[in-house]
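Participant:
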Amino acid sequence: MSLQVFKEIRAAVANLDPAEVQAAADRPLRIGLLAASERGFAAMKEFLLPSEKVSERKRAEGAALLDRALGSEPPDHFDVVLCEQGLPCPRNGYTFFAGQPEETVCEVLAAHDELALALARNFPPFRQPVVDRVIHNVSKENALFSVVTALPDVVPSILELPWAIGEFASDTAFLTINQIRMAFLIAAASDKPVGYSLQKAEIATIMTGAFGWRALARELVGKIPFGGGLIPKGAIAFPGTYVVGLGLDRLHRLGYGLSSAERRDSYQVAFERGKGIVELVLRGIKSGNAA
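Just so you know, we're using numbering that gives the first Met the number 0 here: the sequence shown kicks off at 0 and counts up by one.
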């Protein structure tokens with residue numbers, strides 16, 4: 000890694016505050032459970048805090064965030080209300096589909112992105128969906144950044160990226176910092192410690208991986224005529240980040256990362272996903288330029 004890239008990473012790290020991520024995960028929650036019976040209330044509570052997956056201490060902490068809803072409370076009394084199927088839901092309520100609870104989880108997360116880390120940290124059913132979204136979103140950001148930096152005429156505002164493009168002179172710096180940010184988010188969602196000193200091993204692995212990205216990108220693609228090298232350029236950034244995310248997720252869930260074979264297989268699958276995303280973006284850009 001060149002000295003300039005290393006300096007860029009150091010400068011960006013200074014502005015990447017893990018305390019903000021931890022604060023989002025520690026955000027106070029108040030979840031209402033609207034049920035017609037004790038059985039219905041108990042079923043929703045057991046879903047949110049499954050006894051076979053949650054320690055007594057964590058179950059008690061999570062239970063303190065739950066309360067019986069009556070349906071007549073002011074809209075801001077609860078952050079979210081889960082409603083037993085068949086009951087009318089208040090404005091911030093979501094039907095709890097006992098047979099397909101993942102649908103309820105998806106609906107809540109789609110409407111309350113600001114609560115995602117806190118919900119994942121406190122309630123296991125939200126954890127994997129939130130981690131999966133983090134991995135996908137950061138991988139997509141890195142792929143799109145790689146495309147945008149090769150298209151000087153593209154207006155950066157067409158993409159939602161966590162930093163201004165002008166802050167980075169290289170793909171490597173942006174991708175590395177965004178992967179460190181992803182490490183913080185995954186740890187927070189997994190109810191694990193967040194911070195540079197607390198995640199030294201994870202961050203060291205990401206920094207080491209930056210060498211591989213830089214070499215691969217330089218070998219395979221460059222700023223060549225529109226579209227010619229952009230799809231592989233973005234498609235490489237997507238799986239590189241995606242596999243890092245999968246490894247971090249596995250580490251927090253099971254205590255160990257992906258094997259070499261698993262990384263290789265996951266990379267191949269993610270490469271095709273990344274290629275599809277970049278192709279859609281390029282078609283949109285071309286359509287805009289033609290108009």
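No residue lacks a Cβ here, since even glycine has one placed at the ideal position from N, Cα and C.
Are three or more beta carbon pairs between the segment 230-248 and the segment 131-150 nearer than 8 Å?
Facilitator: A contact exists between the segment 230-248 and the segment 131-150.
Participant: If the criterion is Cβ atoms closer than 7 Å, does the pair Arg29 and Phe96 meet it?
Facilitator: Not in contact: Arg29 and Phe96 (Cβ atoms no closer than 7 Å).
Participant: Could you give the distance in angstroms between the alpha-carbon of Asn91 and the alpha-carbon of Arg263?
Facilitator: Taking the straight line from one Cα to the other gives about 43 Å.
Participant: Would Gln21 pass as a contact of Val193 if the rule is Cβ separation under 7 Å?
Facilitator: Closer than 7 Å, so yes.
Participant: Can Arg120 and Ala24 be called in contact, C-beta distance under 7 Å?
Facilitator: For Arg120 and Ala24, yes; Cβs fall inside 7 Å.
Participant: Output the distance between the C-alpha atoms of Arg272 and Gly244, rounded to the nearest integer angstrom.
Facilitator: About 15 Å.
Participant: Does the segment 105-119 come into contact with the segment 67-83, if we say contact requires no fewer than three beta-carbon pairs (one atom in each stretch) closer than 8 Å?
Facilitator: Taking 8 Å as the limit for Cβ pairs, the verdict is that the segment 67-83 does touch the segment 105-119.
Participant: State the DSSP-derived secondary structure class of Tyr266, mapped to helix, strand or coil.
Facilitator: It is helical.
Participant: If you compare alpha carbons, which of Ser36, Phe183, Ala34 and Ser138 is closest to Glu19?
Facilitator: The residue with the shortest Cα to Cα distance from Glu19 is Phe183.
Participant: Kindly provide the ranges of any alpha helix (DSSP H) runs that are 4 or more residues long and lie completely inside the segment 18-61, ordered along the chain.
Facilitator: The qualifying runs are 37-47.
Participant: From the DSSP output, in three-state form, read off Gly194 for me.
Facilitator: Of the three classes helix, strand and coil, the one that applies to Gly194 here is coil, per DSSP.
Participant: Looking at the unbroken alpha helix (DSSP H) that takes in Leu184, where does it start and where does it end?
Facilitator: Note, Leu184: alpha helix (DSSP H), Asp170 to Ala188.
Participant: Following the continuous beta strand (DSSP E) through Leu81, name the residue where it begins and the one where it ends.
Facilitator: Element bounds for Leu81: Val79 to Glu83.
Participant: Which of the three DSSP states, helix, strand or coil, is assigned to Arg67?
Facilitator: If DSSP states are grouped into helix, strand and coil, Arg67 belongs with the strands.
Participant: Does DSSP put Phe95 in a helix, in a strand, or in coil?
Facilitator: Correct three-state label for Phe95: strand.
Participant: For a test of the three-state rule: what should DSSP assign to Phe144, helix, strand or coil?
Facilitator: Reduced to three states, the DSSP call for Phe144 is helix.
Participant: Can you tell me which of the three DSSP states Leu86 falls into?
Facilitator: Coil, per DSSP.
Participant: State yes or no: is the C-beta of Ile295 within less than 7 Å of the C-beta of Leu247?
Facilitator: Residue 295 cannot be examined here, being either before or after the span of the chain that is shown, 0 to 290.
Participant: May I have the straight-line CA-CA distance separating Arg38 from Glu45, to the nearest angstrom?
Facilitator: Their backbone Cα atoms lie some 10 Å apart in a straight line.
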